[in-house]
Amino acid sequence: MALEVQIEKKLPDFTLDVSFRAEMDPLSVLGASGAGKTMLLRCIAGLERPDRGRITLNERVFFNSEPRVNIPARQRRVGMLFQNYAIFPHRTVAENIGFGLEALPRDERSKRVAELIGRTHLAGLEGRYSGTLSGGEQQRVALARALAIEPEALLLDEPLSALDTHLRSQVEIQLQETFAAYRRPTLLVTHNMEEAYRLGPRLMVLSRGRVVASGAKERIFQRPPTVEVARLTGCKNISRARAISDHSIEALDWGCMLRLAQPVAQPSGFAGIRAHHIEFVEANGAASDENIFPCWLVRSSETPFRVTLFLSLLERSSSSPQPESAQLQAEVYKEKWQRFRDKPFPWHVRLRADELFWMKE
Amino acid sequence: MDWSPLWISLATSVTATVVTLLTGLAAAAWREGRKGPAMALVDGVFLLPLVLPPTVVGFLLLLLFGRSGPLRKLFLQFGATIVFSWPATVIAATVVAFPLMYLTARAALEQVEPSLLQAARTLGASEWRVFREVALPLAWPGILAGTILSFARALGEFGATLMLAGNIPGRTETIPIAIYFAVEANDMTQAATWCVIDIAISLALLAGLYYWMHLQAPERVRWARR
């Protein structure tokens, strides 16, 4: 079973030009807003028509430009979840869930609805209207309603982004349960990298209508192939860089020489390291150690449990009273920060060779 | 006093409103989701009776249903001559009330959240079912308002009715026409009576409509929230 998509569609700012195959594992589609993610889902669901290409689900052709095929949305049996839940406000929870089951006899329909209500933990809310439900409950109704038609694929368009943090994790757990039991092609569109990582083993990154990375999520997060993918996956430290030898580079924005575990592929490119991979070490007077540099704090920003430290590798010159601009962002737990926050500058950071990565433009 | 203009006016307005509701709703539903310059022309034609002088509407209807009009033969097959008969009052009232129904129905349908219609489609609903079970119930308050406005407009129709249906007491003489001919005949008491009746009915309809919309408000806010 697989969903195969190869489509082109002209949009106002760019052309959506995407080709991929999704099998049983959920596929997270990550991209900034306006990258064409929603349009992609709408084309698969049959709510929009691509200009060219082909969409097939389990050998059923949904769309083909040559010879022309365009199966209407109602015949595709593809479940879709919307960012705004799209619960019918004039129908109760039970009537919403039963909407796609009109063809079934009444008692069978209510049996199915009851079963779905149990599965999505909505018991007790059967007779309620959407106006009296929380966002999380509404999205669970939408999920039950989509599952009712036993869809052959499931499309989720930013299903969690309108929810508060605590409701979000509830619905997320519900989605994980559903994905585990459901085992059919599933696409989850999101602009939130953590959500994308948690919900799908496979990841596809979209930018201005094109796939800029796809594959196993661990691989993409560890070694983003381009600067854009690094940014979308939350990498805070990116520096222009120039190759010196196979495994060493000069990071031009950071102002240091670095050794990389990974071989350097091009003469020039970018180096990156994630904020939580920057380690603080004791100096030991051995600043010549691999990838260890003295650093000065420019400013810091605290969250409840962690602190982000903006660092410069250059000593503030006494002639200019302005602080140097920060070149690196490090993220550490507060407990750890307590241990070195009062120590005199310079502190020392290590950019470990195996956590550094090399990227193309 | 001869009460027949009241009954004729009510029968004409009710019939015209039913016809307007069906045709206006159908036209608005058909127009939904269509784009392009041709649609601007369609909108223009549908709204024309709202701005044209009633005499122009009446003249065009006379051309259509008159002695050599193309629609005359069609109706003759059913044994009906339209001009100067009761159906003529219905036709005139329908044509002038149609734009109000079309406008309000379109506005009401456009306000329905598109993702609700799309969700219904992905759940396997036919376009007819999407319209009947999702769009229509959600647009209903606006459509009802359009229906009442259409009824009030049909009740007030004068010019086109006079040209197409004439003034045949007991058959085509509606309240507005009765007023005109009462004034002509210098029967001011008669004219004033009909004026009071006409104002009373129209005011009751419009005030009732606004009161009902006021009562509906919390519910509509609840439905629109997401």
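The listed protein sequences correspond, in order, to chains P and A. Read in order, the letters of the first sequence correspond to residues 1 to 361 in this note's numbering. Read in order, the letters of the second sequence correspond to residues 362 to 587 in this note's numbering. Backbone N, C-alpha and C fix where the C-beta goes; we use that ideal spot for every residue, glycine too. Computed from a predicted model, the values in this text were never measured in an experiment.
A:Met524: not part of any beta strand (DSSP E); member of the alpha helix (DSSP H) spanning Gly520 to Ala526, first to last residue. The residues Val457, Ala458 and Leu461, in chain order, have a CB closer than 7 Å to that of A:Arg514 in the same chain once the five nearest residues on each side in sequence are set aside. In terms of beta-carbon proximity, A:Ala469 stays away from the interface with chain P, with every pair separated by 9 Å or more.
Under the DSSP definition of a beta bridge, P:Lys10 partners with P:Thr15. Excluding the 5 residues flanking it on each side, A:Val417 has no same chain C-beta neighbour closer than 7 Å. Taking 9 Å as the cut-off, the Cβ atoms of A:Leu497 and P:Ala86 do not count as close. Counting the other Cβ atoms within 10 Å of the Cβ of A:Asp548 gives fewer than 16, which makes it exposed. Within 10 angstroms of the beta-carbon of A:Leu402 lie fewer than 16 other beta-carbons, which makes it exposed.
Looking at the DSSP output, P:Gly272 sits in a beta bridge with P:Ile238 and P:Phe357.
In this structure, the beta-carbon distance from P:Trp347 to P:Leu314 does not fall below 9 Å.
About 7 Å separates the Cβ atoms of P:Arg145 and A:Leu484, confirming a contact at the 8 Å cut-off. Considering only beta carbons, the part of the segment 485-497 of chain A lying closer than 7 Å to chain P consists of Gly485, Ala486, Ser487 and Val495, in chain order. Chain-ordered, the chain A residues with CB closer than 8 Å to the CB of P:Leu47 read Gln479, Arg482 and Thr483. Under the 9 Å criterion on CB atoms, P:Asn84 is classed as interfacial with respect to chain A. When beta bridges are read from the DSSP output, P:Glu95 appears opposite no residue. At a Cβ-Cβ threshold of 9 Å, A:Gly527 and A:Ala466 do not count as neighbours. Listed along chain P, the residues sitting closer than 9 Å to A:Leu499 by beta-carbon distance are Phe88, Pro89 and His90. Under the DSSP assignment, P:His348 falls in the beta strand (DSSP E) whose first and last residues are Trp347 to Arg350. Residue environment analysis places A:Ile369 among the buried positions, since at least 16 neighbouring C-beta atoms fall within 10 angstroms of its C-beta.
Setting aside the 5 residues that flank it on each side, P:Leu3 is surrounded in the same chain by Ala22, Leu57, Ala153 and Pro185, each with a C-beta closer than 6 Å to its C-beta; the list follows chain order. Counting only the Cα atoms, P:Thr178 lies some 26 Å from P:Ala32. Put simply, the segment 351-360 of chain P touches the segment 263-280 of chain P. At least three CB pairs are less than 8 Å apart. Non-local C-beta neighbours of P:Ser300 in its own chain, meaning closer than 6 Å and more than five positions away in sequence, comprise Val307 and Leu309, ordered along the chain. Residue-level contact by beta carbon holds for P:Ile149 and chain A, with a gap shorter than 9 Å. For P:Ile117, the enclosing alpha helix (DSSP H) begins and ends at Arg106 to Arg119. The alpha-carbon separation between P:Leu199 and A:Phe407 amounts to approximately 52 Å. The three-state secondary structure of A:Ile452, taken from DSSP, is helix. Distance from the CA atom of P:Leu101 to the CA atom of A:Ala500, rounded to whole angstroms, is 24 Å. In this chain, the alpha helix (DSSP H) harbouring A:Glu488 covers Glu488 to Val491. Contact check for P:Gly79 and P:Ile149: beta-carbon distance about 7 Å, within the 8 Å limit, so the pair qualifies. Within a 10 Å sphere around the beta-carbon of P:Glu195 sit 16 or more other beta-carbons, which makes this residue buried. Bridge partners of P:Val205 according to DSSP: P:Leu30 and P:Ala213. If you draw a straight line from the Cα of A:Phe436 to the Cα of A:Thr550, it comes to about 39 Å. A contact between stretches requires three or more CB pairs, one per stretch, nearer than 8 Å, and the segment 440-457 of chain A meets this requirement with the segment 527-542 of chain A. Listed in chain order, the non-local C-beta contacts of P:Leu125 below 6 Å within the same chain comprise Val93, local neighbours out to five positions each way being set aside. Chain-order list of chain A residues neighbouring P:Phe63: empty, with the shortest C-beta distance near 15 Å, by a criterion of under 7 Å.
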